[in-house]
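S.K.: Below you will find the structure I want to go over with you.
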Amino acid sequence: MKVLVLNSGSSSIKFQLFEGTGWQVIASGAVSRIGEAEGEVEYTWQVPDGPMQTGRQGIAIPSHQDGIDHIIAGLRAAGVLADLAELAAIGHRVVHGGERFHRPTLVDDAVVEAIREMSALAPLHNPANLDGILVARRLFPQVPSVAVFDTAFHQTMPRTAYRYAIPEYLYTRYRVRRYGFHGTSHHYVGERAAALLGLAFDQCNLITLHLGNGASATAIGAGRSIDTSMGMTPLEGLVMGTRCGDIDPAILFYLADQLGLNEPALDDLLNRQSGLLGLCGVNDMREIQRRAADGDDAAELAIGITAQRIKKYIGAYYAELGRVDAIVFTGGIGENDANIRRRSCAGLENLGIRLDEGANQSSARGERTISAADSRVRVLVIPTNEELAIARQALAAVAAAGGDS
Ligand code: AMP
Numbered sequence: 253m254k255v256l257v258l259n260s261g262s263s264s265i266k267f268q269l270f271e272g273t274g275w276q277v278i279a280s281g282a283v284s285r286i287g288e289a290e291g292e293v294e295y296t297w298q299v300p301d302g303p304m305q306t307g308r309q310g311i312a313i314p315s316h317q318d319g320i321d322h323i324i325a326g327l328r329a330a331g332v333l334a335d336l337a338e339l340a341a342i343g344h345r346v347v348h349g350g351e352r353f354h355r356p357t358l359v360d361d362a363v364v365e366a367i368r369e370m371s372a373l374a375p376l377h378n379p380a381n382l383d384g385i386l387v388a389r390r391l392f393p394q395v396p397s398v399a400v401f402d403t404a405f406h407q408t409m410p411r412t413a414y415r416y417a418i419p420e421y422l423y424t425r426y427r428v429r430r431y432g433f434h435g436t437s438h439h440y441v442g443e444r445a446a447a448l449l450g451l452a453f454d455q456c457n458l459i460t461l462h463l464g465n466g467a468s469a470t471a472i473g474a475g476r477s478i479d480t481s482m483g484m485t486p487l488e489g490l491v492m493g494t495r496c497g498d499i500d501p502a503i504l505f506y507l508a509d510q511l512g513l514n515e516p517a518l519d520d521l522l523n524r525q526s527g528l529l530g531l532c533g534v535n536d537m538r539e540i541q542r543r544a545a546d547g548d549d550a551a552e553l554a555i556g557i558t559a560q561r562i563k564k565y566i567g568a569y570y571a572e573l574g575r576v577d578a579i580v581f582t583g584g585i586g587e588n589d590a591n592i593r594r595r596s597c598a599g600l601e602n603l604g605i606r607l608d609e610g611a612n613q614s615s616a617r618g619e620r621t622i623s624a625a626d627s628r629v630r631v632l633v634i635p636t637n638e639e640l641a642i643a644r645q646a647l648a649a650v651a652a653a654g655g656d657s
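Residue numbering for the sequence shown follows our numbering, starting at 253 and increasing by one per position.
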């Protein structure tokens, strides 16, 4: 029994094929630059007990349908998916599920329509996610497709956390509220943290920090998301690669007035030209750390603002939760950058948060504790694995629906 996970973006499709009993990844890769003159297929696959094969092929990929065709043809040629009947489910990452989707959902025509309606809230992501779903349903009508939403885990937030202090009709008529994102990742590392702590997830209070190119913090109370830093869109909250995170919204009026910027220009400025890139000219944290170590003041400031914002959210969520069992770092920066972790937790000893600097700096990989033995709050590094979480949830949704559909 196998599960295919598809993450369809506007011009790319990433995939992973899992063998569903041991959840081993037997193939992974991506097709990118869909619709451009020169596309690309990248893959890594491994027939059980066979050698790892990797490759890259430059080829035009006019549409998502062609992209998925390439993936399936490649999986067949590699011998990892002889027959589509081996697929128990296809799990699709969908960014925005609005208020309607609280859990992974088997896709039918009504679900397709609902995801389409949600496109107004996520115009860059949902149409691309939907493309992948439509193509998969057309090509493999016999394989159940399951939509796994980035927003679903956060649907447990109380209204005091998800409503903004703006007129009520903007919520009731225009659905303006906090939705939160990265939910699959926060949920996954939260459950792993509970397992490491030896606690039931529904008894755990956690602060999970997903720090990658996009970044968000979540307060998990008794196993449920009770607050999260991303808002109606993934722009709010922490400092990100190219997104500003929290700013005074009046800055927008001022810039519109002073620079004559219209909505697309403001959107570009705050989503694609800001964050680390805006502060110091690059958005790759490895390069920023190198520059800071060489004395570059802009890089040092970018790191300082990033760490201070993370610390501010740790404090805020500590106050909301009252008791914190563990703080969890994940994502490319959270998993790898000891300097950001150290600076985010520095000075929080009175809150019971104390790192073991040796463990923090260690080059160890995988799930690990980086807090000192006498730290009241455990501090953990847990590599996220959104694809695995999507695959498991997709299979569970199919099983809950009574097998095949
Ligand atoms: P993600 O979006 O989760 O893939 O994370 C991407 C971010 O993680 C980029 O800013 C990378 O520079 C950063 N990153 C990856 N590896 C490291 C590392 N070893 N040290 C610091 N940052 C890293």
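Even glycine gets a Cβ: it sits at the ideal position worked out from N, Cα and C.
Relative to the C-alpha of valine 633, which candidate in Ala651, Leu603 and Ile585 has its C-alpha closest?
M.R.: For the residues Ala651, Leu603 and Ile585, the minimum Cα distance to valine 633 belongs to Ile585.
S.K.: Please confirm whether any heavy atom of the ligand AMP lies closer than 6 Å to the CB of glycine 464.
M.R.: Indeed, a heavy atom of the ligand AMP lies less than 6 Å from the Cβ.
S.K.: Who are the Cβ neighbours of glutamate 290 in its own chain at under 7 Å, not counting the five residues just before and after it?
M.R.: Contacts found: Gly310 and Ala312.
S.K.: Which residue's Cα is closest to the Cα of leucine 640: Arg630, Val400 and Ala417?
M.R.: Among Arg630, Val400 and Ala417, the Cα nearest to that of leucine 640 is on Val400.
S.K.: Determine the DSSP secondary structure at glutamate 552, reduced to helix, strand or coil.
M.R.: Looking at glutamate 552 - three-state DSSP - the assignment turns out to be helix.
S.K.: Assuming threonine 494 and serine 526 are in contact, meaning their beta carbons sit under 8 Å apart, how far apart are those beta carbons, in whole angstroms?
M.R.: Confirmed, about 6 Å.
S.K.: Please return the same chain residues whose Cβ sits closer than 6 Å to the Cβ of aspartate 454, not counting the five positions on each side in sequence.
M.R.: Once the five neighbours on either side are set aside, the close Cβ partners of aspartate 454 are Ala474 and Gly475.
S.K.: By Cβ distance below 8 Å, which residues in the same chain neighbour methionine 304 in space, the five residues on each side in sequence not counted?
M.R.: Excluding residues within five positions, the ones whose Cβ falls inside 8 Å are Thr296, Trp297 and Gln298.
S.K.: On a CA-only basis, which of Ile286, Phe270 and Tyr506 is nearest serine 280? Give me that one, please.
M.R.: Measuring from the Cα of serine 280, the nearest candidate turns out to be Phe270.
S.K.: Which residue from Arg543, Arg561, Tyr440 and Ala550 puts its Cα closest to that of methionine 492?
M.R.: The shortest C-alpha separation from methionine 492 is found at Arg561.
S.K.: From leucine 373 to glycine 349, what distance separates their C-alpha atoms?
M.R.: The alpha-carbon atoms of leucine 373 and glycine 349 are separated by roughly 9 Å.
S.K.: Tell me whether glycine 281, by its Cβ, gets closer than 6 Å to a heavy atom of the ligand AMP.
M.R.: Glycine 281: no, Cβ never under 6 Å from the ligand AMP.
S.K.: Please confirm whether any heavy atom of the ligand AMP lies closer than 6 Å to the CB of aspartate 546.
M.R.: Because no heavy atom of the ligand AMP lies under 6 Å away, the Cβ of aspartate 546 does not count as near it: no.
S.K.: Would you say serine 477 and threonine 403 are within 7 Å of each other, going by their C-beta atoms?
M.R.: Contact: no.
S.K.: Assuming alanine 195 contacts leucine 573 under a Cβ cut-off of 8 Å, what Cβ separation, rounded to an integer in Å, is found between them?
M.R.: Since the first and last residues shown for the chain are 253 and 657, residue 195 lies out of range.
S.K.: Can you tell me which residues form a DSSP beta bridge with methionine 304?
M.R.: Paired residue(s): Gln298.
S.K.: Could you give the residue range of the beta strand (DSSP E) that holds histidine 344?
M.R.: Element bounds for histidine 344: 339 to 346.
S.K.: Measure the beta-carbon distance from arginine 606 to aspartate 626 and round it to whole angstroms, keeping in mind my assumption that it falls under 8 Å.
M.R.: Yes, they are in contact, since the Cβ atoms of arginine 606 and aspartate 626 sit about 7 Å apart, within 8 Å.
S.K.: Would you please state the rounded distance, in angstroms, between the beta carbons of valine 387 and glutamine 317? I believe it to be under 8 Å.
M.R.: Sure, about 5 Å apart at Cβ, within 8 Å.
S.K.: Let me know the secondary structure DSSP gives arginine 429 once reduced to three states.
M.R.: Coil, per DSSP.
S.K.: Counting along the chain, where does the beta strand (DSSP E) carrying asparagine 381 start and finish?
M.R.: Here asparagine 381 belongs to no beta strand (DSSP E); instead the alpha helix (DSSP H) covers 378 to 391.
S.K.: Taking the CB atoms as reference points, tell me whether serine 260 and alanine 282 lie closer together than 7 Å.
M.R.: Contact flag unset, no.
S.K.: Checking the sheet assignment: what are the DSSP bridge partners for aspartate 479?
M.R.: The partner list for aspartate 479 (beta bridge, DSSP) reads Ala471.
S.K.: Throw me the rounded Cβ distance for the leucine 647 and alanine 445 pair, which I believe falls under 8 Å.
M.R.: Between alanine 445 and leucine 647 the Cβ distance is about 23 Å, and since that is not below 8 Å, they are no contact.
S.K.: Say the cut is 6 Å; is the CB of asparagine 588 nearer than that to a heavy atom of the ligand AMP?
M.R.: It does: the Cβ of asparagine 588 is within 6 Å (strictly closer) of some heavy atom of the ligand AMP.
S.K.: Work out the CA separation of proline 419 and glutamate 619 for me, nearest whole Å.
M.R.: The alpha-carbon atoms of glutamate 619 and proline 419 are separated by roughly 44 Å.
S.K.: Just to confirm before moving on: does the CB-CB distance between glutamate 638 and serine 397 stay below 7 Å?
M.R.: Not a contact, by the Cβ cut-off of 7 Å.
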